[in-house]
Structures are given as C-alpha cells and as structure tokens.
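K.L.:
Structure in structure tokens, see below.
In the working numbering, the protein residues as written are 1 to 169.
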C-alpha cells in the first residue's frame with residue numbers, strides 16, 4: 001500500500017503511541033515505578049514502566065526497550081494485553097499499548113531510572129498507596145488477564161471539569 005493509500009489527512013484524529021508495562025511475580029505483586037518528586041508527570045505516584053514509541057520501532061520493540069531502559073531487564077516475555085485510547089485536545093490523543101509479563105527479580109537488583117524508584121507492591125496494598133488515578137481500576141484487569149483472552153480495550157476521556165472518565169469495551 002502506498003503512502004497516498006494510507007489516507008493520512010491533517011483533519012483526522014492523530015495519536016501518540018506509548019507502551020506501558022506491568023510485571024507480576026509469584027507472590028501476586030506488581031513492579032511499579034514511584035515517580036521522583038521532580039518528575040514532570042505523576043510526581044510521587046506509582047505507575048507502570050514505559051514510554052513513547054520511537055520512530056522505526058514497532059510497539060513490542062518499544063515496550064522491550066522501555067523495560068530495559070527503566071529496569072535493566074531483558075528477555076522478559078511480554079504479552080500485549082490491552083489498549084487504551086486517551087482523548088486529548090485538538091484531535092490529538094494517546095494510544096497506550098499495555099503489556100504484561102512475569103518476573104522474579106528482586107527490586108534491589110534492578111536499575112532505577114532517573115524518573116524514580118522501582119518497587120514490588122502487593123496488589124492488595126494498591127488502594128492505600130499514591131498511584132496514578134486509573135490504576136485501581138486497570139491493574140486488577142491486567143493482573144487477571146490470561147493469554148488467549150480478548151485484550152482489554154478502554155477509552156479515557158475528560159469531563160469539562162477535568163475529571164478522568166474510563167470506558168471499557
């Protein structure tokens with residue numbers, strides 16, 4: 001298919017692709033990154049690891065690169081388990097591709113990125129911790145996701161007063 005056949009049009013919805021990775025262990029813990037106080041987004045809050053897709057990468061390559069850059073881990077089998085469309089201003093959105101993996105590495109042996117510190121956290125403790133606002137709803141779905149099931153699909157929008165609204169398919 002030629003570039004013209006792709007029908008890229010300036011007035012159409014545009015998205016910024018990102019990878020978001022959650023690793024779990026046999027103790028039903030999830031590896032999360034607590035953002036440093038100086039971090040621009042999510043300062044002091046727990047979130048998964050991940051980031052933007054670079055030019056020339058597919059989404060899986062981006063997830064593996066982000067995991068390596070933020071944890072030092074390589075060779076973890078990551079499975080795509082979800083996709084979120086986040087509506088933004090002026091017809092620009094964010095397409096978040098969620099990956100799930102299994103890992104037994106001790107958090108003290110992991111490389112900590114400049115953006116914060118990695119922690120293994122018990123899933124039951126999450127409601128009592130400072131976490132990104134969608135994780136109390138999203139993480140249990142990811143934790144329960146089994147290979148072969150339909151992926152989790154969601155759309156995030158914001159109300160006029162700035163409140164996050166989460167819609168699952």
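The beta carbon of each residue, even a glycine, is placed where N, CA and C say it ideally should be.
For residue 160, which residues from the same chain have a beta carbon less than 6 Å from its beta carbon, with the 5 sequence-adjacent residues on both sides left out?
P.N.:
Reading the chain shown from its first residue, position 160 is the one you call residue 160. Closer than 6 Å at Cβ, skipping near neighbours: no residue.
K.L.:
Are there 16 or more other CB atoms within 10 angstroms of the CB of residue 104, so buried, or fewer, so exposed?
P.N.:
Numbered from 1 along the chain shown, position 104 holds the residue referred to as residue 104. Exposed, since its Cβ has fewer than 16 Cβ neighbours within 10 Å.
K.L.:
By DSSP, does residue 112 sit in helix, in strand, or in coil?
P.N.:
In the chain shown, residue 112 corresponds to position 112, counting from 1. Reduced to three states, the DSSP call for residue 112 is coil.
K.L.:
Hey, which unbroken runs of the beta strand (DSSP E) at 3 residues or more fall wholly within the segment 66-129?
P.N.:
Runs found: 79-87, 92-102, 116-122.
K.L.:
Can you tell me whether residue 49 is buried or exposed, with buried defined as 16 or more other CB within 10 angstroms of its CB?
P.N.:
Walking along the chain shown from the start, residue 49 turns up at place 49. Buried, since its Cβ has 16 or more Cβ neighbours within 10 Å.
K.L.:
Below 8 Å on the Cβ atoms is my contact criterion, and I expect residue 83 with residue 99 to pass it. Report the Cβ-Cβ distance as a whole number of Å.
P.N.:
Start at 1 with the first residue of the chain shown, and residue 83 comes out as number 83. Start at 1 with the first residue of the chain shown, and residue 99 comes out as number 99. Contact doesn't hold; Cβ gap of about 11 Å is too wide.
K.L.:
When you compare the CB of residue 157 with every CB in chain B, is at least one pair closer than 8 Å?
P.N.:
Within the model displayed, chain B is absent; a lone protein chain is all it includes.
K.L.:
Of the choices 148, 27, 13, 34, whose alpha-carbon is the least far from that of residue 132?
P.N.:
For the purposes of this step, residue 132 is taken as residue 132 along the chain shown, with counting starting at 1. Considering only alpha carbons, the answer is 34.
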